[in-house]
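J.: Take a look at the following structure, please.
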Amino acid sequence: MYLFLFIVLFSLNISVCFAQTDTSDSLSKSPVPITGTPQPINTLPLEGELNNVKFNGNIYFSSSALQDVVSSLPSDLSFAHRIFRFYYRQISINPYTPKPLEDALGVAVRNYEEEYRYFDQTGAENDVLTLIDVYNQYGFHDATASYSYDFDSTEKANVLTFSVKENNQYTIDTIIYTGFDNLPVELREDLFALVPSTKGTYFNEPSIKNTIDALTNYLQNNGYYFVHFDQPIVFKSPLTYSDSIIIPFLLGKRCKIGKIFVKSDFREQNPISDYLIRQMLDIHEGDWYNRAAVGRSQSNLYSLSTFDLVSIDSLEILQSGEYTILPLQIYLQYKKQKEIVAAPFINHTTYDNFTNFGVEISLLHRNLFGAAQTVSLYGRHVWQDFSLFSSIAREWQVGGQFSQPLLFEIGSARIGFSLQSSYSYRFLSSGLDIQEIPLRLTSFPLRVSFPVNFPSYTFVNSILFEFFTELQQLHNFEEVSINILTNAVTQDQQKAATQFLIPFAPIHTYAGSNLAHPGQILSATLTSDTRNNPFSPSKGHFLSSVFEFAYGRLYSFRRLQLTYYHFFHTGSNNVLAIKFRTGNIWIDLSNSYFIPFDRHFFAGGANSVRSYSSRSLADLTSSEIPVDGSNNLLGNATIIEGSLEYRYRFARPRGINSTLADQIQEMGITFFIDWGNAFNQLQEGKYASARLNDLIGGLAVGIGAGFRRETPVGPIRIDVATRLYDPTSHDNKFITSRSPFSSENLQIHIGLGHAF
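In our numbering, the protein residues as written are 116 to 871.
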């Protein structure tokens, strides 16, 4: 309806008309807020309306910070409300306005009445007390505050003004923590090591509370289940403007964990073995109660992916001499264990920065043999590099995976097992116009993994050990070689065709069109992950180090890759994210030439330097890239790249349809700067040729913005980027020497999930 009103208003081109009769009385009085038939709205505020809130005398706190703590809020009219109110004001004094239009606008305005805020004397008085309390928390014990509510004739607004007198800020003389006399000596020493030196610092209640929380957590993690503190006692000295503080702790009896009971809501699902459930626990009968260990046990059980709900609660408390026995009950609610899914999907391959689209049918069982073993069988068809609704390769794939979450334990480390294999039939294209026949490749990969998970408090959360091998078969390498090289007329076309064929030539030389077993790869991946959300993190870091050693008839190389992300929560809807990634391959090209294609390094793309398309960026000094715009088809041995990204998520708007408001608050925008490049192309004469000045001067820089729409598995995103500094250009490297929005410089990416 509101959209219809907008169309009517603007299509009729309603002019601002003022009656020629005397209207001074109707325009000068302040009407009372209405709930029935709407009345004309004039330029003055409504009676009792609160248009502005101001603060005077505040130095330590900003006015915006104080506004966040008071309950008195000014009217906040949405854009739509202002538009409707403006037209309703003009239409109401025009005698020729059609009555249905006036009534419709009146209803629209009345629907926004909730956006008005009115002065509340009791609320203002409570806000004065709140301001005094806030100042008191930061050492301004003698602070005073008052308020006034007046009409400002200049602003034509009702203004609520809070006047603050801060006075002196008190410092801390002493803080004494009591109640720890009966603590064991070793605990007391560790406990007081958590207490910072505060003498002479300004009184700061939140900081003191953080210390109290740290002491409480330490005690709760060492058996003191009942520990709490009483109201701190503050002795103020007005002569020296200092405080002496006593904080009494009540420990209660120390608690040991009693029997651990398991209660399950199976919901017609196969039960998990009691042995596995207890092996996943970091708590055991007879241990001192440890709150952190209880939380870790809960997380460990969730990691089995077989429960919708896991809770650990205490039962009836038992007394036993010097300590208390605390029985615990674990409640488990099972989730559905068998799933059959047929659906489209979008994924991202990290090695070439392609966004891929496909359809898949899969069968999943989460508890095959009663120990949370996961079995997954799938079949899929994939179109590679689908970010711009085009594809350079297709793949048919069937495969399966078996996972055992826990094989055995070594100390606090839990070792699991995973076996994965598949059959893949791919149609590969170089993206060159001269290639008329796709290269057909069959592969049978086998991956054996041993994930090692550590407690969450350790810096390294997990280590993944892997053994990888595969069989490969090229079906028509000679046919494709003849086709693409015959059609390559120019020198650039010949270079591009050669680079496309080089990675597959060793397999053809070794096995022809038969199955080839090039070798094995051993790898170790160390991960440190403190992100609060794996899909849309707002704080924490992610650090990954991958070490690979390849050996065999065709394999002989070493590979290292480091990736680091960090996320800073800079506001309620703001996140600042940084990324750094680097990697290198060591190989003797005179003896061995074959590296699996997914181990090559490529730059450019939706998750790399976004001002370039996938695989289109490479250093000109240490790489041989055709000047006709062909992508880097061979790959590089070195990569350096990074990003700085600001993410803003829209706040939920007021005064609009709730369904629309729900959608808007799931949307957001980003602004980013990317930099990086790929160096040391994997061919003789270029490999290991980059020098330090090449690594620095060859870094491309791109800037851009994007739109996000959040989903449960990460945002759907559209990014637009342009090249700020382009080292691949011979004449126009800087953005100032070319058009930033030309088709050559502008790049659009569509994908699922954040860039990092």
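Quick reminder that beta carbons are idealized off the backbone N, C-alpha and C, glycines included. Remember, predicted model here, so these are calculated numbers, not experimental data.
(1) Tell me whether W701 is buried or exposed, calling it buried when 16 or more other Cβ atoms sit within 10 Å of its Cβ.
(2) State buried or exposed for I360, treating a residue as buried only when at least 16 other CB atoms are found within 10 Å of its CB.
(3) Contact check, A815 vs L732 under 8 Å by CB: the rounded distance?
(4) What does DSSP give as the partner residue(s) for T613 in the beta ladder?
(5) Residues in its own chain within less than 7 Å of F542 by CB, not counting five upstream and five downstream?
(6) On the CB-based measure, 16 or more other CB atoms within 10 Å of its CB, does A873 come out buried or exposed?
(7) Just confirm the distance between the C-beta atoms of K314 and T289, as a whole number of angstroms; I'd bet it's less than 8 Å.
(8) Consult DSSP for Q512 and reduce its assignment to one of helix, strand or coil.
(9) Taking all protein chains shown into account, do 16 or more other C-beta atoms lie within 10 angstroms of the C-beta of L775, making it buried, or fewer, making it exposed?
(10) Classify F621 as helix, strand or coil using the three-state DSSP reduction.
(11) Who pairs with G819 in a beta bridge, going by DSSP?
(12) Note down the Cα distance separating L547 from A620, rounded to an integer number of angstroms.
(13) Quick check on DSSP: helix, strand or coil for D607?
(14) When DSSP builds the beta bridges, which residues end up paired with F592?
(15) Three-state secondary structure (DSSP) at R668?
(16) Taking contact to mean at least 3 C-beta pairs separated by less than 8 Å, is the region 406-421 in contact with the region 430-441?
(17) Exposed or buried, which one is F794 when buried takes at least 16 other CB atoms within 10 Å?
(18) Which residues in the same chain as F100 place their Cβ atom closer than 6 Å to its Cβ, once the five residues preceding and following it in sequence are excluded?
(19) How about the region 159-172 and the region 270-288: do they share at least three Cβ pairs that are nearer than 8 Å?
(20) Using DSSP bridges, identify the partner residues of H256.
(21) Given a cut-off of 9 Å, decide if S577 and T645 are closer than it, judged by their beta-carbon atoms.
(22) Compare the Cα-Cα distances from G473 to each of T489, L839, V513 and report the closest residue.
(23) Taking the alpha carbon of Q635 as the reference point, which residue from H715, F683, P560 has its own alpha carbon closest?
(24) If you count every other CB in all the chains shown that lies within 10 Å of the CB of I599, and 16 or more means buried, which is it?
(25) List the endpoints of the continuous beta strand (DSSP E) containing Q452.
(26) With distances taken between CB atoms, is the gap from G929 to R725 smaller than 9 Å?
(27) Measure the Cβ-Cβ separation of T837 and L861 and say whether it is below 9 Å.
(28) Which of helix, strand or coil does DSSP assign to Y572?
(29) Between which residues of its own chain and K351 is the CB-CB distance below 7 Å, once the five residues before and five after are set aside?
(30) Less than 6 Å between C-beta atoms, sequence neighbours within five positions excluded: which residues of the same chain meet that for T293?
(31) For N602, which three-state DSSP category applies?
(32) Can you tell me where the alpha helix (DSSP H) with G494 in it begins and where it stops?
(33) Using the C-alpha atoms, what's the distance from Q676 back to G800?
(34) Which of helix, strand or coil does DSSP assign to F504?
T.: Taking the coordinates as given:
(1) Within the sequence shown, numbered from 1, the residue matching residue 701 stands at position 586. Counting Cβ neighbours within 10 Å, W701 comes out exposed, since fewer than 16 surround it.
(2) Translated into the one-based positions of the sequence shown, residue 360 becomes position 245. With 16 or more Cβ atoms within 10 Å of its Cβ, I360 is classed as buried.
(3) Start at 1 with the first residue of the sequence shown, and residue 815 comes out as number 700. Start at 1 with the first residue of the sequence shown, and residue 732 comes out as number 617. Their Cβ separation, rounded to whole angstroms, is 6 Å, which keeps A815 and L732 in contact under 8 Å.
(4) On the sequence shown, position 498 is the one that residue 613 refers to. Listed as beta-bridge partners of T613 by DSSP are no residues whatsoever.
(5) Numbered from its first residue, the sequence shown carries residue 542 at position 427. A508, R509, P553, R555, listed in sequence order.
(6) The structure shown does not extend to residue 873, since the chain is modelled only from 116 to 871, so the question has no answer here.
(7) On the sequence shown, residue 314 is found 199 positions in, with the first residue counted as 1. On the sequence shown, residue 289 is found 174 positions in, with the first residue counted as 1. With a Cβ gap of about 7 Å, K314 and T289 count as contacting.
(8) The residue you call residue 512 lines up with position 397 of the sequence shown. Reduced to three states, the DSSP call for Q512 is strand.
(9) The residue you call residue 775 lines up with position 660 of the sequence shown. Result: exposed.
(10) Taking the first residue of the sequence shown as position 1, residue 621 is located at position 506. Note on residue identity: the sequence assigns Pro, not Phe, to residue 621. Of the three classes helix, strand and coil, the one that applies to P621 here is helix, per DSSP.
(11) The count along the sequence shown starts at 1 and reaches residue 819 at position 704. For G819, which the question treats as bridged, DSSP gives the partners F787, A836.
(12) In the sequence shown, counting from the first residue as 1, residue 547 sits at position 432. In the sequence shown, counting from the first residue as 1, residue 620 sits at position 505. Those two C-alpha atoms are separated by around 18 Å.
(13) Within the sequence shown, residue 607 is the residue found at index 492, counting from 1. Helix at D607.
(14) Residue numbering aside, residue 592 sits at position 477 when the sequence shown is read from its first letter. Answer is none; F592 lacks a bridge partner.
(15) Sequence index remark: in the sequence shown, residue 668 carries index 553 (1-based). In the structure shown, R668 sits in coil (DSSP, three-state: anything other than H, G, I, E or B).
(16) no
(17) Here the question's residue 794 lines up with position 679 in the sequence shown. Buried, since its Cβ has 16 or more Cβ neighbours within 10 Å.
(18) An answer regarding residue 100 cannot be provided, because it is not within the stretch 116 to 871 covered by the chain.
(19) yes
(20) Sequence index remark: in the sequence shown, residue 256 carries index 141 (1-based). None, per the DSSP bridge assignment.
(21) What you label residue 645 is simply residue 530 of the sequence shown in a count that begins at 1. What you label residue 577 is simply residue 462 of the sequence shown in a count that begins at 1. No, they are not a contact pair.
(22) Taking the first residue of the sequence shown as position 1, residue 473 is located at position 358. Checked all of T489, L839, V513; the closest Cα to G473 is V513.
(23) Within the sequence shown, residue 635 is the residue found at index 520, counting from 1. Nearest neighbour of Q635 by Cα position, chosen from H715, F683, P560, turns out to be P560.
(24) Residue mapping note: residue 599 aligns to position 484 of the sequence shown, counting from 1. By the 10 Å Cβ count, I599 comes out buried.
(25) The residue labelled residue 452 in the question sits at position 337 within the sequence shown. It is not in any beta strand (DSSP E) - Q452 carries neither H nor E in the DSSP assignment.
(26) The question about residue 929 has no answer here: the residues shown for the chain are numbered 116 through 871.
(27) Your numbering for residue 837 matches position 722 in the sequence shown. Your numbering for residue 861 matches position 746 in the sequence shown. Yes, these two residues count as a Cβ contact at 9 Å.
(28) Within the sequence shown, numbered from 1, the residue matching residue 572 stands at position 457. Coil at Y572, not helix or strand.
(29) Start at 1 with the first residue of the sequence shown, and residue 351 comes out as number 236. Only H256, Y285, D358 meet the Cβ criterion.
(30) Sequence index remark: in the sequence shown, residue 293 carries index 178 (1-based). P363.
(31) Translated into positions along the sequence shown, residue 602 becomes position 487. N602 falls in the helix class under three-state DSSP.
(32) Position 379 of the sequence shown holds residue 494. Annotation for G494: no alpha helix (DSSP H) segment contains it, though the beta strand (DSSP E) segment containing it runs 489-499.
(33) Within the sequence shown, numbered from 1, the residue matching residue 800 stands at position 685. Within the sequence shown, numbered from 1, the residue matching residue 676 stands at position 561. Those two C-alpha atoms are separated by around 23 Å.
(34) As a position in the sequence shown, residue 504 is number 389, starting the count at 1. For F504, the predicted model reports a pLDDT of 46, less than 50, meaning its position is unreliable; a value from the coordinates is still stated below. In this structure, F504 counts as coil in the three-state DSSP scheme.
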